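Read the structure below first, then the notes.
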Amino acid sequence: MAINLQKGQGVSLRKESGYDLSRLTIGLGWDIAPSSPAYDLDAVAFLLDANGKVRNLGKTGANGRPTLEGGDVVFYNSLIHPSGKVRLSGDNQSGSSAGDDAEQIEVDLDTLPDSYQQILFVVAIYKGHERGQSFAGVRRAYIRALDGKGQEICRYDIGSDPTNRACAMTFATVKRGANGWHFNAIGDFHDTDRFIDLLKHYLPY
15 MAINLQKGQG VSLRKESGYD LSRLTIGLGW DIAPSSPAYD LDAVAFLLDA NGKVRNLGKT
75 GANGRPTLEG GDVVFYNSLI HPSGKVRLSG DNQSGSSAGD DAEQIEVDLD TLPDSYQQIL
135 FVVAIYKGHE RGQSFAGVRR AYIRALDGKG QEICRYDIGS DPTNRACAMT FATVKRGANG
195 WHFNAIGDFH DTDRFIDLLK HYLPY
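In our numbering, each residue's number is its place in the sequence shown (first place is 1) plus 14.
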């Protein structure tokens, strides 16, 4: 039976638990209040090293700045990590439907390079400030972890809050440990609507 987590709680992802942990699927979903216009929530994964930092910021653009494409951030412009071990399903702009996840991030835990010790999952409302949108208009949001056979291991549900004006959230993390991986529900909200602002906290400089 899947474990329902509260903010700050975690669960150990041990192979002896009976789950197929060769691959982990992180499913994210949300429902928008019927009276609200369409929302575009973006799921993003930061791959962190042993120091909790994102080392590879991807290709350099014409302006000399990193584009994040092909780096250690998996997002709508870079759906597959260079290792091939972390993959984002795509950019869903309509939320969940018929009980399905709006977006999924697959992680090959068994073969993910040892240099990556943690994966942080964040969600941001695209152009939330410009469009006057926030989590106040999100009726329900959740993140869940499924094993390689699609069996749900745990989930973390965020209830609706009509006063919540945040536009981004650090949802959860999966961290490598001596006894295997550990999933932890975070649930911290942020005012910004740009995941890049959250990324700044994990840069090596």
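Just so it is clear, CB atoms sit at the ideal spot from N, CA and C, and this is done for glycine as well.
These numbers were taken from a predicted model, which means no experiment stands behind them.
- Judged by DSSP in its simplified three-state form, H95 adopts coil rather than helix or strand.
- For E144, the enclosing alpha helix (DSSP H) stretches over residues G142 to R145.
- The closest CA to that of I119, considering only H143, D34, I17 and L61, is found on L61.
- Following the DSSP letters along the chain, one finds F203 inside the beta strand (DSSP E) bounded by residues G194 to H204.
- The count of Cβ pairs closer than 8 Å, one atom from the region 202 to 214 and one from the region 177 to 184, reaches three, so the stretches are in contact.
- T74 sits exposed, since fewer than 16 C-beta atoms from the chains shown fall within 10 Å of its C-beta.
- When DSSP states are grouped into helix, strand and coil, A182 belongs to the strand group.
- Under the 10 Å beta carbon count, Y219 is surrounded by fewer than 16 other beta carbons and is classified as exposed.
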